[in-house]
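Read through the structure below, which is laid out as C-alpha coordinates, and then see the notes.
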Amino acid sequence: MEYIKKASLIFIIMTVITGILYPVTVTAFAQIFVPYKANGSIIKEDGKSIGSEILGQNFTSPDYFWSRPSATSDYPYNGLSSAGSNMSPTGEDFEKVIDERVKLYKKYEENSDKKIPVDLVTASGSGLDPHISLKGAIYQVDRVAKYSKVSKEKLLELIDNNTEKKFMGIFGEDKVNVLNLNLDLEKIK
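Quick look at the structure:
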(Lines of atoms letter the chains of each structure in order from A and count residues from 1; the text may use other names and numbers.)
(Lines give C-alpha, C1' and ligand atoms only; values in the text may rest on other atoms or scores of the structure.)
Protein backbone atom coordinates (compact mmCIF):
# COMPACT_ATOMS: atom_id res chain seq x y z
CA MET A 1 0.00 0.00 0.00
CA GLU A 2 2.90 2.33 0.80
CA TYR A 3 4.30 1.81 -2.72
CA ILE A 4 0.99 2.77 -4.31
CA LYS A 5 0.85 6.01 -2.29
CA LYS A 6 4.42 6.94 -3.24
CA ALA A 7 3.88 6.05 -6.89
CA SER A 8 0.63 8.03 -7.02
CA LEU A 9 2.25 11.05 -5.35
CA ILE A 10 5.19 10.98 -7.78
CA PHE A 11 2.74 10.62 -10.68
CA ILE A 12 0.71 13.64 -9.55
CA ILE A 13 3.82 15.79 -8.90
CA MET A 14 5.38 14.92 -12.27
CA THR A 15 2.07 15.56 -14.06
CA VAL A 16 1.84 19.02 -12.50
CA ILE A 17 5.49 19.80 -13.29
CA THR A 18 5.61 18.47 -16.85
CA GLY A 19 1.99 19.04 -17.82
CA ILE A 20 1.34 22.44 -16.28
CA LEU A 21 4.34 24.28 -14.79
CA TYR A 22 6.87 23.59 -17.55
CA PRO A 23 4.57 24.43 -20.52
CA VAL A 24 3.25 27.59 -18.83
CA THR A 25 6.80 28.74 -17.97
CA VAL A 26 8.16 28.11 -21.47
CA THR A 27 5.15 29.80 -23.09
CA ALA A 28 5.47 32.83 -20.79
CA PHE A 29 9.20 33.23 -21.54
CA ALA A 30 8.58 32.85 -25.27
CA GLN A 31 5.78 35.44 -25.24
CA ILE A 32 7.97 37.88 -23.30
CA PHE A 33 11.29 37.46 -25.13
CA VAL A 34 10.41 36.25 -28.66
CA PRO A 35 6.67 36.85 -29.24
CA TYR A 36 6.97 36.99 -33.04
CA LYS A 37 8.53 33.52 -33.16
CA ALA A 38 6.35 32.16 -30.35
CA ASN A 39 3.25 33.04 -32.36
CA GLY A 40 4.38 31.26 -35.53
CA SER A 41 6.40 33.98 -37.31
CA ILE A 42 3.25 35.20 -39.06
CA ILE A 43 3.81 37.87 -41.72
CA LYS A 44 1.04 40.45 -41.78
CA GLU A 45 0.24 43.16 -44.27
CA ASP A 46 -2.43 45.75 -43.49
CA GLY A 47 -3.43 43.67 -40.45
CA LYS A 48 -4.09 40.59 -42.60
CA SER A 49 -2.08 37.39 -42.21
CA ILE A 50 -0.25 36.51 -45.43
CA GLY A 51 1.73 33.47 -44.34
CA SER A 52 4.37 32.18 -41.99
CA GLU A 53 8.11 32.55 -42.40
CA ILE A 54 8.58 29.01 -41.12
CA LEU A 55 6.09 27.14 -43.34
CA GLY A 56 6.30 26.73 -47.08
CA GLN A 57 3.64 28.28 -49.29
CA ASN A 58 2.11 26.94 -52.49
CA PHE A 59 3.19 29.27 -55.32
CA THR A 60 2.14 28.04 -58.76
CA SER A 61 2.05 31.16 -60.94
CA PRO A 62 5.05 31.35 -63.33
CA ASP A 63 5.68 34.99 -62.39
CA TYR A 64 6.67 34.01 -58.82
CA PHE A 65 9.44 31.88 -57.38
CA TRP A 66 8.25 28.39 -56.52
CA SER A 67 8.86 26.63 -53.22
CA ARG A 68 10.08 23.11 -52.72
CA PRO A 69 7.40 20.55 -53.45
CA SER A 70 5.17 19.72 -50.53
CA ALA A 71 4.99 16.16 -49.25
CA THR A 72 1.43 16.83 -48.07
CA SER A 73 -0.08 16.29 -51.50
CA ASP A 74 -3.83 16.51 -50.79
CA TYR A 75 -3.51 19.99 -49.29
CA PRO A 76 -0.03 21.42 -49.96
CA TYR A 77 1.97 22.63 -46.95
CA ASN A 78 -0.60 21.35 -44.47
CA GLY A 79 1.09 21.35 -41.06
CA LEU A 80 -1.40 18.82 -39.70
CA SER A 81 -0.16 16.12 -42.05
CA SER A 82 3.53 16.99 -41.97
CA ALA A 83 5.73 14.06 -42.89
CA GLY A 84 8.00 12.80 -45.58
CA SER A 85 6.51 11.09 -48.61
CA ASN A 86 8.00 7.73 -47.53
CA MET A 87 8.63 6.92 -51.18
CA SER A 88 11.70 4.86 -51.88
CA PRO A 89 14.29 6.77 -53.93
CA THR A 90 14.60 3.69 -56.11
CA GLY A 91 10.85 3.11 -56.46
CA GLU A 92 8.73 3.67 -59.55
CA ASP A 93 6.31 5.99 -57.71
CA PHE A 94 9.15 8.28 -56.68
CA GLU A 95 10.55 8.31 -60.20
CA LYS A 96 7.13 9.15 -61.64
CA VAL A 97 6.64 12.05 -59.20
CA ILE A 98 10.11 13.45 -59.96
CA ASP A 99 9.52 13.14 -63.72
CA GLU A 100 6.26 15.13 -63.38
CA ARG A 101 8.04 17.87 -61.43
CA VAL A 102 10.90 18.03 -63.93
CA LYS A 103 8.41 18.30 -66.82
CA LEU A 104 6.70 21.21 -65.07
CA TYR A 105 9.98 23.13 -64.84
CA LYS A 106 10.97 22.23 -68.40
CA LYS A 107 7.59 23.45 -69.66
CA TYR A 108 8.65 26.98 -68.71
CA GLU A 109 12.32 26.55 -69.64
CA GLU A 110 12.05 25.71 -73.34
CA ASN A 111 15.32 24.75 -75.02
CA SER A 112 17.16 24.88 -71.73
CA ASP A 113 19.89 22.45 -70.83
CA LYS A 114 20.21 23.85 -67.31
CA LYS A 115 20.19 21.18 -64.63
CA ILE A 116 17.34 21.57 -62.16
CA PRO A 117 18.57 21.82 -58.56
CA VAL A 118 17.44 18.76 -56.64
CA ASP A 119 15.57 20.73 -53.97
CA LEU A 120 13.14 22.06 -56.60
CA VAL A 121 11.89 18.56 -57.45
CA THR A 122 12.14 16.78 -54.08
CA ALA A 123 10.21 17.47 -50.89
CA SER A 124 12.01 18.10 -47.63
CA GLY A 125 11.75 15.68 -44.71
CA SER A 126 8.80 17.55 -43.20
CA GLY A 127 7.28 18.48 -46.54
CA LEU A 128 6.81 22.04 -45.25
CA ASP A 129 10.19 23.68 -45.88
CA PRO A 130 9.89 27.45 -46.54
CA HIS A 131 13.36 27.70 -48.10
CA ILE A 132 14.96 26.78 -51.37
CA SER A 133 18.66 26.67 -52.10
CA LEU A 134 20.39 29.70 -53.57
CA LYS A 135 20.90 27.62 -56.72
CA GLY A 136 17.17 26.84 -56.77
CA ALA A 137 16.30 30.53 -56.65
CA ILE A 138 18.83 31.47 -59.34
CA TYR A 139 17.58 28.64 -61.57
CA GLN A 140 14.10 30.21 -61.60
CA VAL A 141 15.24 33.73 -62.55
CA ASP A 142 14.72 33.29 -66.32
CA ARG A 143 11.13 32.10 -65.92
CA VAL A 144 10.19 34.72 -63.32
CA ALA A 145 11.78 37.51 -65.41
CA LYS A 146 9.88 36.42 -68.51
CA TYR A 147 6.47 36.25 -66.84
CA SER A 148 6.77 39.06 -64.28
CA LYS A 149 8.47 41.52 -66.65
CA VAL A 150 11.06 42.30 -63.94
CA SER A 151 14.68 42.39 -65.11
CA LYS A 152 16.99 39.50 -64.31
CA GLU A 153 19.38 41.92 -62.60
CA LYS A 154 16.62 43.15 -60.26
CA LEU A 155 15.57 39.56 -59.51
CA LEU A 156 19.16 38.59 -58.68
CA GLU A 157 19.34 41.61 -56.37
CA LEU A 158 16.13 40.47 -54.63
CA ILE A 159 17.57 36.97 -54.24
CA ASP A 160 20.77 38.39 -52.77
CA ASN A 161 18.76 40.52 -50.31
CA ASN A 162 16.74 37.47 -49.21
CA THR A 163 19.60 34.97 -48.95
CA GLU A 164 20.25 33.58 -45.49
CA LYS A 165 23.95 32.75 -45.34
CA LYS A 166 25.48 29.59 -43.90
CA PHE A 167 25.40 29.47 -40.09
CA MET A 168 28.76 30.80 -38.87
CA GLY A 169 29.88 30.75 -42.50
CA ILE A 170 30.43 26.99 -42.55
CA PHE A 171 27.34 25.09 -41.39
CA GLY A 172 24.50 24.33 -43.78
CA GLU A 173 23.90 25.97 -47.13
CA ASP A 174 22.89 29.41 -48.30
CA LYS A 175 19.11 29.43 -48.56
CA VAL A 176 16.28 31.72 -49.62
CA ASN A 177 12.91 32.09 -47.91
CA VAL A 178 10.46 31.90 -50.83
CA LEU A 179 7.61 33.79 -49.16
CA ASN A 180 9.82 36.76 -48.26
CA LEU A 181 11.35 36.73 -51.75
CA ASN A 182 7.93 36.74 -53.43
CA LEU A 183 6.66 39.50 -51.14
CA ASP A 184 9.63 41.65 -52.15
CA LEU A 185 8.99 40.76 -55.79
CA GLU A 186 5.35 41.81 -55.43
CA LYS A 187 6.46 45.25 -54.20
CA ILE A 188 8.38 46.00 -57.41
CA LYS A 189 5.97 44.51 -59.97
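Numbering (this note's numbering), first residue to last: -1 to 187.
Positions of the beta carbon are idealized from the N, C-alpha and C atoms, including for glycine.
Environment of residue i [buried if 16+ CB atoms lie within 10 Å]
i, result
"Lys173", "buried"
"Ser65", "buried"
"Leu183", "buried"
"Phe63", "buried"
"Thr23", "exposed"
"Pro115", "buried"
"Ile30", "exposed"
"Leu126", "buried"
"Ala5", "exposed"
Distance, residue j Cα to residue i Cα
i, j, result
"Lys105", "Ile15", "57 Å"
"Glu90", "Thr70", "19 Å"
"Lys187", "Val176", "16 Å"
"Val142", "Asp61", "5 Å"
"Ile41", "Val139", "24 Å"
"Lys144", "Ile168", "34 Å"
"Lys35", "Lys113", "36 Å"
Residue i in three-state terms, based on DSSP
i, result
"Glu43", "strand"
"Val116", "helix"
"Gly49", "strand"
"Phe63", "coil"
Residue i and residue j closer than 8 Å at C-beta
i, j, result
"Glu51", "Pro128", "yes"
"Leu179", "Leu156", "yes"
"Ile96", "Asp117", "no"
Residue of the options minimising C-alpha distance to residue i
i, options, result
"Ser68", "Lys113, Tyr103, Thr120, Lys46", "Thr120"
"Asp158", "Tyr145, Met166, Ala135", "Ala135"
"Pro74", "Leu53, Asp97, Ile130", "Leu53"
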